[in-house]
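For the sequence shown, this note's numbering assigns the number 7 to the initial residue and increments by one for each residue that follows.
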Amino acid sequence: MARRDPQPELPGNDGRWFLELVGLVEATDGARASLARLAAETTAPPSEVDSPFSAPSTTLGATMVVEGLGTAATEVQGLALSPPTPDDEPRPPVPPAATTPASPPDEALVVEPTRRWWRVVIPVVLLVLVLGGLALLVLRRSERVATTIAAHRHALVELRNTLPEAQASLAALTDPTTPPTALVETLPAVTALDAAAHDAAVLATEPLPSPLPFEPPDGYELLEDLRDRLSLHGMEGGDLAAALGHVFAYRSTVEELLAPGDLPLEADRARRAELAVALATDFADDAEAVASLPEDSLFADVRVAADRSLDRYGDWQDDYLGALEAEDPDRTAALLAELEELRAELRRELLAALAEARTALDARIIDLARRLEEDLAATAQARPSSSAATSRSKSRTPSNSL
Numbered sequence: 007m008a009r010r011d012p013q014p015e016l017p018g019n020d021g022r023w024f025l026e027l028v029g030l031v032e033a034t035d036g037a038r039a040s041l042a043r044l045a046a047e048t049t050a051p052p053s054e055v056d057s058p059f060s061a062p063s064t065t066l067g068a069t070m071v072v073e074g075l076g077t078a079a080t081e082v083q084g085l086a087l088s089p090p091t092p093d094d095e096p097r098p099p100v101p102p103a104a105t106t107p108a109s110p111p112d113e114a115l116v117v118e119p120t121r122r123w124w125r126v127v128i129p130v131v132l133l134v135l136v137l138g139g140l141a142l143l144v145l146r147r148s149e150r151v152a153t154t155i156a157a158h159r160h161a162l163v164e165l166r167n168t169l170p171e172a173q174a175s176l177a178a179l180t181d182p183t184t185p186p187t188a189l190v191e192t193l194p195a196v197t198a199l200d201a202a203a204h205d206a207a208v209l210a211t212e213p214l215p216s217p218l219p220f221e222p223p224d225g226y227e228l229l230e231d232l233r234d235r236l237s238l239h240g241m242e243g244g245d246l247a248a249a250l251g252h253v254f255a256y257r258s259t260v261e262e263l264l265a266p267g268d269l270p271l272e273a274d275r276a277r278r279a280e281l282a283v284a285l286a287t288d289f290a291d292d293a294e295a296v297a298s299l300p301e302d303s304l305f306a307d308v309r310v311a312a313d314r315s316l317d318r319y320g321d322w323q324d325d326y327l328g329a330l331e332a333e334d335p336d337r338t339a340a341l342l343a344e345l346e347e348l349r350a351e352l353r354r355e356l357l358a359a360l361a362e363a364r365t366a367l368d369a370r371i372i373d374l375a376r377r378l379e380e381d382l383a384a385t386a387q388a389r390p391s392s393s394a395a396t397s398r399s400k401s402r403t404p405s406n407s408l
């Protein structure tokens with residue numbers, strides 16, 4: 007194997023430049039110039055763009071003094087050096103290299119579960135609201151039906167409870183022994199019956215709640231039937247109150263007809279003038295009273311007798327005043343007896359009508375009371391459960407005096 011010849015030594019290839027650079031040997035003038043030129047050529051301007059992720063640094067003009075060069079040091083500028091850190095202070099950590107932020111998750115992946123959740127919740131909420139509204143509507147409608155039934159039953163009870171006092175008033179009005187002053191005491195009972203009957207009739211005209219399309223009509227059918235019965239009972243009660251009023255009118259009017267007071271058998275001219283005025287006034291009052299009597303089939307005969315007696319009363323006054331002027335006591339006495347007979351005939355007609363009215367009206371009162379009790383018993387199962395309606399319907403219980 008042939009031996010490789012060593013590399014020949016060439017000028018500048020002996021490594022002296024490194025020794026001069028580190029100061030192990032003294033540099034020559036030519037070496038100093040070369041180093042200065044080399045430093046000038048390799049000096050780069052400081053970077054004008056700072057990285058946002060690099061630590062703060064300072065561009066220093068670093069001076070490198072090479073031993074052996076003396077004062078002729080070469081100034082190397084443009085090196086970016088970090089500020090010196092004392093040995094007893096830790097160096098600030100170098101921030102990691104900037105990384106590209108992770109891209110946000112796909113919007114469809116985030117929105118899609120939310121949309122699916124609302125697709126389930128919204129129909130459920132709407133269904134709950136609809137069902138709740140329907141339940142509330144049915145509940146309120148049922149409460150209104152129960153309240154209406156309670157009001158109708160209350161009207162029936164009130165009407166029923168006025169009948170015993172009305173029956174007592176009928177007995178007093180048709181009793182011949184009842185004094186005229188006691189007749190007025192029967193009016194409050196008649197007024198109460200009329201008021202209860204009027205309230206029942208008015209309540210029966212009010213509109214009823216109608217059932218919903220999906221609601222059973224049982225309660226509403228019962229309410230309609232109760233309304234019809236209440237209307238009939240209200241009209242019947244009103245008719246009874248009117249009949250009792252007719253009895254009072256005939257009883258208090260007919261007994262006062264043809265009653266001019268004490269009339270003399272003889273009288274002078276001045277007295278005859280006074281009697282003429284008094285009789286004319288009494289006739290006018292009687293005619294007005296008879297004209298105001300109500301039309302009633304029970305007192306039809308009484309009304310005919312009153313009209314006939316009133317017609318005769320007008321002629322009778324002329325005959326009586328003529329007998330007084332003729333000074334005929336016998337004729338005057340006969341005329342006074344005739345007047346008493348007219349009054350007695352009216353009273354007989356009245357008593358007969360009162361007896362008939364007592365029988366007829368008493369039977370109607372008893373029949374109405376019976377039908378009211380039957381209707382109250384038939385609608386007992388429809389009594390509302392609310393305490394307010396129940397207490398109102400039980401405010402007065404039906405009387406058993408009939």
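Glycine residues also receive a C-beta, built at the ideal position from the N, C-alpha and C atoms. No experiment lies behind these values; they were computed from the predicted model shown.
Check	Outcome
Supposed contact pair leucine 179 and phenylalanine 254 - C-beta distance, whole angstroms, cut 8 Å	6 Å
Integer Cβ distance of leucine 327 from leucine 281, believed to fall under 8 Å	7 Å
Straight-line gap, valine 308 to aspartate 245 (C-alpha atoms, nearest Å)	20 Å
Candidates Ala172, Leu382 and Leu345: closest to serine 315 by CA position	Leu345
Simplified DSSP state of glutamate 415, which is helix, strand or coil	Here the chain covers residues 7 to 408 and nothing more, so residue 415 does not appear.
C-alpha distance - threonine 365 paired with glutamate 272, whole-angstrom precision	46 Å
Cβ separation of leucine 189 and threonine 168, assumed to be a contact under 8 Å, to the nearest whole Å	With a Cβ gap of about 19 Å, leucine 189 and threonine 168 do not count as contacting.
Nearest-angstrom Cα separation, counted from alanine 279 out to leucine 357	36 Å
Three-way DSSP call (helix, strand, coil) for proline 186 in this model	helix
Of the residues Arg376, Gly243 and Ala265, the one placed nearest tyrosine 319, counting alpha carbons only	Ala265
Contacting residues, own chain, Cβ-Cβ under 7 Å from aspartate 368 (five flanking each side not counted)	Gln173 and Leu176
Nearest residue (CA-CA) to glycine 251, options Asp324, Leu263, Glu301 and Ile155	Glu301
Pick from Glu331, Glu333 and Gln323 that is closest to leucine 341, judged by C-alpha positions	Gln323
Own chain residues within Cβ distance below 8 Å of methionine 241, not counting five before or after	Ala203 and Ala207
Helix, strand or coil at leucine 271 [DSSP, three-state]	coil
Simplified DSSP assignment, three categories, for aspartate 302	coil
For valine 196 and alanine 343, the rounded distance between their alpha carbons	38 Å
Beta-carbon spacing of leucine 352, alanine 312 below 8 Å	yes
Closest residue to proline 185 among Glu379, Asp231, Ala201 and Arg257 (Cα-Cα distance)	Arg257
Exposure of isoleucine 371, with buried meaning 16 or more beta-carbon neighbours within 10 Å	buried
Rounded straight-line distance, which links the Cα of aspartate 291 to that of alanine 284	11 Å
Short Cβ contact (8 Å threshold) for leucine 263 with leucine 236	no
Cβ neighbour criterion (16 or more within 10 Å) applied to alanine 306	exposed
Nearest-angstrom Cα separation, counted from alanine 386 out to glutamate 191	36 Å
Local conformation of leucine 263 per DSSP, three classes	coil
Alpha-carbon to alpha-carbon, aspartate 231 and valine 296	43 Å
Element boundaries [alpha helix (DSSP H), containing proline 194]	193-210
Cβ-based burial, alanine 339 [other Cβ within 10 Å; buried from 16]	exposed
Local Cβ density within 10 Å of valine 310, reported as buried at 16 or more and exposed below that	exposed
Nearest residue (CA-CA) to aspartate 181, options Leu378, Arg376, Ala359 and Ser298	Ala359
Euclidean distance between Cα positions of glutamate 362 and glutamate 355	11 Å
Threonine 385 in three-state terms, based on DSSP	coil
As assigned by DSSP and simplified to three states, the class of aspartate 181	coil
Span separating the alpha-carbon of alanine 329 from that of leucine 238	59 Å
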